[in-house]
Structures are given as C-alpha cells and as structure tokens.
Amino acid sequence: MTTTRTGLPLFVLGKGSDPHSERGVDCPGELPPASDPALVERARKAKAALGDRLFVLGHHYQRDEVIQFADVTGDSFKLAREAAARPHAEYIVFCGVHFMAESADILTADSQKVVLPDMAAGCSMADMATFDQVEECWEVLEDAGIADRVVPITYMNSSADIKAFCGRNGGAVCTSSNARRALSWAFERGEKVLFLPDQHLGRNTAVLELGLSLDDCVVYNPHRPNGGLTDQQLRDAKMILWRGHCSVHGRFTAECVDEVRQRIPGVNVLVHPECRHEVVVKADYVGSTEYIIKTLREAPAGSSWAVGTELNLVKRLAQQFPDKDVSFLDRTICYCSTMNRIDLPHLVMALESLAAGQVVNQITVDADTAHWARVALDRMLALP
Ligand code: SF4
263 MTTTRTGLPL FVLGKGSDPH SERGVDCPGE LPPASDPALV ERARKAKAAL GDRLFVLGHH
323 YQRDEVIQFA DVTGDSFKLA REAAARPHAE YIVFCGVHFM AESADILTAD SQKVVLPDMA
383 AGCSMADMAT FDQVEECWEV LEDAGIADRV VPITYMNSSA DIKAFCGRNG GAVCTSSNAR
443 RALSWAFERG EKVLFLPDQH LGRNTAVLEL GLSLDDCVVY NPHRPNGGLT DQQLRDAKMI
503 LWRGHCSVHG RFTAECVDEV RQRIPGVNVL VHPECRHEVV VKADYVGSTE YIIKTLREAP
563 AGSSWAVGTE LNLVKRLAQQ FPDKDVSFLD RTICYCSTMN RIDLPHLVMA LESLAAGQVV
623 NQITVDADTA HWARVALDRM LALP
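Going by my numbering, the sequence shown opens with residue 263, and the numbers climb by one from there.
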C-alpha cells in the first residue's frame with residue numbers, strides 16, 4: 263500500500279483491501295482469461311444452473327458483454343429497488359460499482375447475498391468523501407456554530423457510511439432525479455445544506471432549480487484545514503458543497519459544447535447534472551440517466567443529439583435509436599474505468615462460483631450502518 267500526499271491509501275491492483283473505503287481488489291475465484299471463446303456459453307450455463315435463485319442487475323454504464331446477462335437494467339436506485347422486489351432470489355449479482363451493491367444489500371433481506379463480480383469496481387466520486395473526512399467536516403461546522411442549522415444530503419453515489427452519517431444527522435439521500443425535491447425538503451428543516459459528495463449536482467440543482475445564486479455556494483475541500491473556508495464563509499453560505507466530482511462527467515467542458523454545435527448544426531445537447539455548471543448552462547437539456555434515455559426515445563426521427571454521459575450508454579442508445587443521430591459530446595473516449603472493471607471473465611467467475619456453492623465477493627453492510635443508511639434512504643422515499 264502506498265500513501266499519497268493527501269493521506270488517501272492506494273492499493274496496488276490485486277494487493278490488499280481497505281474496508282473503510284470503496285477499495286478492495288482481491289479476486290477470490292479463478293479468473294478465466296478474457297480470450298476464452300467459451301465465456302458467453304459458460305456464463306449462460308452457470309446462470310441457467312442457478313435459475314430463480316439468481317437475479318442479475320446491470321447498470322446502464324456496463325459493457326455490452328456484461329449487460330447481455332442482466333435480468334434488469336437501470337440506474338443505481340432503480341436497480342436497488344428491483345433487487346428489493348425479488349425476495350426469493352438468494353443471490354443478487356450486481357454489475358455496477360461498490361456503493362450500488364451496498365445499497366442493494368441495505369434494501370434486501372438479510373438472507374439475500376449481494377455479489378459484486380470485481381471488488382475493484384469502486385467509484386472515484388464515492389471515494390472522494392470518506393467517513394472520517396465527513397466527521398471532521400461536521401466538527402468544523404460545529405466549531406463555526408452552524409451544525410445545528412445544517413441538513414446533510416448525500417447523493418446516492420456515496421458509501422453506506424456516508425448515507426448512515428446523513429441518517430444519523432437528520433439528513434437524507436438523493437438521486438439525480440429527485441435532488442431538487444431533496445434540497446427543498448432540507449431547506450424546510452434547516453438554513454443550510456451540506457451536499458455530499460458531488461459538488462456539481464449540488465450546485466446545478468441549487469442554482470438552476472432552486473434559484474440560489476453561485477455566491478450562496480461554497481466548496482468544502484476535505485484536504486485543507488477548515489475545508490479551505492473561513493468560519494464567516496461557512497456562516498454566509500446556504501449550500502456547502504463537498505469537493506467531489508464524477509471523473510467521467512467532470513471531463514466535459516464548455517468548449518465541447520461549442521465545438522459540437524459547430525460540427526453538427528442544429529444539434530441538441532443533452533447532459534447529466536453531474537457535469538460542470540458551465541457545461542450544464544450551455545446545454546439544451548439536463549437530467550438523470552433515465553431522463554436522458556426517455557428524452558432520446560421520445561425525440562423526433564431525424565433529430566441530432568450530442569450526449570454528455572458515460573460512453574457505454576451513449577453507444578447503446580445510438581444503436582437503439584438508429585432513426586436519430588446520437589453522438590458523444592466529447593471527441594475523446596470517456597468510459598467509467600471502474601464500471602468497466604466488471605467484464606465477462608469476472609462475471610463468469612462470480613456465476614460459476616455461485617453455481618458451485620461458493621459465495622465470492624459478497625458485499626455486506628454492518629447492521630448499525632445499514633440501519634442509519636436505511637433511515638436516510640427512507641426519508642428520500644418519503645419525499646413529496
Ligand atoms: S460514472 Fe462517475 S459516478 Fe458513476 S461510477 Fe463512474 S466515477 Fe462513479
């Protein structure tokens with residue numbers, strides 16, 4: 263293990279694991295080579311052998327080679343709910359990333375086992391807010407005399423620890439579809455919101471949907487003393503945004519939008535709210551993954567679209583809607599590297615192990631964390 267200047271522990275791939283973060287890279291089973299021509303058949307056979315005991319979830323950003331085996335596809339929240347709606351499935355294989363499998367474990371029965379085919383499939387955004395950092399931030403807010411007026415809201419893309427922190431401190435979870443409602447709910451209960459871990463979703467929602475100004479927002483940097491902010495800045499702010507971002511959506515720039523408008527006259531620019539504020543304000547349409555899919559499905563034939571989200575999904579949408587011209591917003595490739603870690607060899611390893619009676623890569627959330635995370639998730643579910 264090596265330690266960076268910021269104190270974040272980094273593991274060499276395949277060595278060690280850190281239960282306190284999204285990292286953990288051991289592969290307990292026998293990983294077949296990616297070149298094995300029988301992989302598709304092996305996955306099919308293992309899935310058939312498990313029958314109804316198995317339910318496979320596939321996130322929209324997964325590779326085609328994996329998504330073909332999904333019983334249902336969706337965004338992280340939809341998938342967790344789908345898992346909860348299958349109480350008879352003994353094994354939930356989650357083709358997505360670590361925090362999603364944690365949410366599925368929280369929302370499913372104790373008897374159900376949630377499996378992540380590759381434990382290295384973390385999320386760089388979720389990793390940007392660790393429990394210790396958030397606890398330290400809360401102490402900073404207490405020292406500034408404002409913690410009792412702050413409601414913490416965390417995006418679904420965060421570890422179970424952070425969701426539990428929000429549950430314990432009167433806060434809630436949100437998704438990109440209900441962030442506006444979650445913020446309105448929070449502002450009815452407090453004067454300020456601590457928004458974790460995606461600064462862009464927090465800022466875009468506060469400014470574009472709630473009418474706050476950019477000056478109402480400050481960015482708390484967990485790697486700087488006092489978050490890099492003065493007590494007065496914290497007292498004046500309405501939105502305290504955690505300094506986290508999605509490494510995929512954060513890559514799109516305002517120049518990408520200008521460039522695509524020149525390249526494709528009349529193009530509609532459709533982006534996810536995890537994109538930077540300057541990209542979102544230049545776009546024509548902004549919304550969650552499910553919104554992006556719906557917008558393209560309902561778009562008139564012959565219309566042109568430049569889509570700012572993960573590339574696996576954009577490529578699939580282009581194939582799914584051949585009557586529309588669907589292209590990627592950036593000229594450079596932009597897959598989610600951690601989502602892509604779930605490949606066919608890892609899926610085969612997981613399914614064959616389960617079929618042989620060996621549970622590998624099980625994701626479990628301890629009872630206390632699960633309880634408080636569930637409190638925060640239930641507050642989200644009860645949003646008006
Ligand atoms: S696309 Fe972004 S938010 Fe989603 S898993 Fe990858 S890094 Fe995390």
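Just so you know, even glycine gets a beta-carbon here, dropped at the ideal spot from N, CA and C.
Predicted model, so just to flag it, every value in this text is computed and none were measured.
*Please go through the same chain and pick out, in chain order, the residues whose beta-carbon is closer than 6 Å to the beta-carbon of H511, but skip the five residues on each side of it.*
To locate residue 511, count along the sequence shown from 1; it is residue 249. Within the same chain, H511 has close Cβ partners H534, E536 and C537.
*Outcome for T528 when other beta-carbon atoms lying within 10 angstroms are tallied against a minimum of 16*: Within the sequence shown, residue 528 is the residue found at index 266, counting from 1. Just to set this straight, residue 528 is Gly in the shown sequence, not Thr. Result: exposed.
_Rounded C-alpha distance that separates I526 from E540_ = As a position in the sequence shown, residue 526 is number 264, starting the count at 1. As a position in the sequence shown, residue 540 is number 278, starting the count at 1. When rounded, the distance between both Cα atoms is 20 Å.
*Does the distance from the C-beta atom of V377 to that of N623 stay below 9 Å?*
Counted from its first residue, the sequence shown places residue 377 at position 115. Counted from its first residue, the sequence shown places residue 623 at position 361. Yes, these two residues count as a Cβ contact at 9 Å.
_Cβ-Cβ distance between N419 and A388 below 9 Å_ = On the sequence shown, position 157 is the one that residue 419 refers to. On the sequence shown, position 126 is the one that residue 388 refers to. Yes; because the gap between Cβ atoms is below 9 Å, this pair is in contact.
*Backbone CA spacing between D367 and A629 [nearest angstrom]*: By one-based count along the sequence shown, residue 367 stands at place 105. By one-based count along the sequence shown, residue 629 stands at place 367. So the alpha carbons of these two residues sit roughly 11 Å apart.
*Spell out the partners DSSP gives Y417 in its beta bridges.*
Locating residue 417 in the sequence shown gives position 155, where the first residue counts as 1. Looking at the DSSP assignment, Y417 forms a beta bridge with C436.
_Nearest-angstrom Cβ-Cβ length linking V328 and L606, presumed shorter than 8 Å_ = Residue mapping note: residue 328 aligns to position 66 of the sequence shown, counting from 1. Residue mapping note: residue 606 aligns to position 344 of the sequence shown, counting from 1. The pair is a contact, with the Cβ atoms about 6 Å apart (cut-off 8 Å).
*Can you tell me the Cβ-Cβ gap for H360 and A383, rounded? I've got them flagged as a contact below 8 Å.*
On the sequence shown, position 98 is the one that residue 360 refers to. On the sequence shown, position 121 is the one that residue 383 refers to. Correct: roughly 6 Å between the Cβ atoms.
*Could you check what DSSP says for Y553 in three-state terms: helix, strand or coil?*
The residue labelled residue 553 in the question sits at position 291 within the sequence shown. If DSSP states are grouped into helix, strand and coil, Y553 belongs with the helices.
_Among G506, H507, S475 and K425, whose alpha-carbon lies nearest the alpha-carbon of D498?_
The residue labelled residue 498 in the question sits at position 236 within the sequence shown. Measuring from the Cα of D498, the nearest candidate turns out to be S475.
*Three-way DSSP call (helix, strand, coil) for L458 in this model*: Stepping through the sequence shown from its first residue, residue 458 is reached at position 196. Residue state, collapsed to three classes: strand.
*Which word fits L293, buried or exposed, when buried means at least 16 other C-beta atoms lie within 10 angstroms of its C-beta?*
By one-based count along the sequence shown, residue 293 stands at place 31. Its Cβ having fewer than 16 others within 10 Å, L293 is exposed.
*asked:* Considering only the alpha carbon of each residue, which of A300, S297, A308 and Y323 lies closest to N602?
replied: Locating residue 602 in the sequence shown gives position 340, counting from the first residue. Per the Cα distances, Y323.
_Cross-strand partners of Q624 (DSSP beta bridge)_ = To locate residue 624, count along the sequence shown from 1; it is residue 362. DSSP, once it has assigned bridges, lists V377 as partnering Q624.
*Beta-carbon proximity list for G489, same chain, < 7 Å, skipping 5 on both sides*: For this step, residue 489 is matched to residue 227 along the sequence shown. C399, V402, Y482 and N483.
*asked:* What does DSSP give as the partner residue(s) for H321 in the beta ladder?
replied: Against the sequence shown, residue 321 aligns to sequence position 59. Answer is G336.
*Got a sec? Which residues, its chain only, sit under 7 Å from E560 by beta carbon, not counting five neighbours each side?*
Reading the sequence shown from its first residue, position 298 is the one you call residue 560. The answer is none, since no qualifying residue turns up.
*Could you pull out every unbroken beta strand (DSSP E) segment of at least 3 residues lying fully inside the region 525-593, listed in chain order?*
530-533, 566-570 and 587-590
*Would you check whether the ligand SF4 has a heavy atom nearer than 8 Å to the C-beta of H608?*
In the sequence shown, counting from the first residue as 1, residue 608 sits at position 346. Outside the cutoff, so no.
_If contacts are defined as beta-carbon pairs under 8 Å, then M501 and V455 qualify, I think. What distance do you get, rounded to the angstrom?_
Stepping through the sequence shown from its first residue, residue 501 is reached at position 239. Stepping through the sequence shown from its first residue, residue 455 is reached at position 193. With a Cβ gap of about 6 Å, M501 and V455 count as contacting.
_Given this structure, state the Cα-to-Cα distance separating E517 from G564, to the nearest angstrom._
Sequence index remark: in the sequence shown, residue 517 carries index 255 (1-based). Sequence index remark: in the sequence shown, residue 564 carries index 302 (1-based). Roughly 25 Å separates the two Cα atoms.
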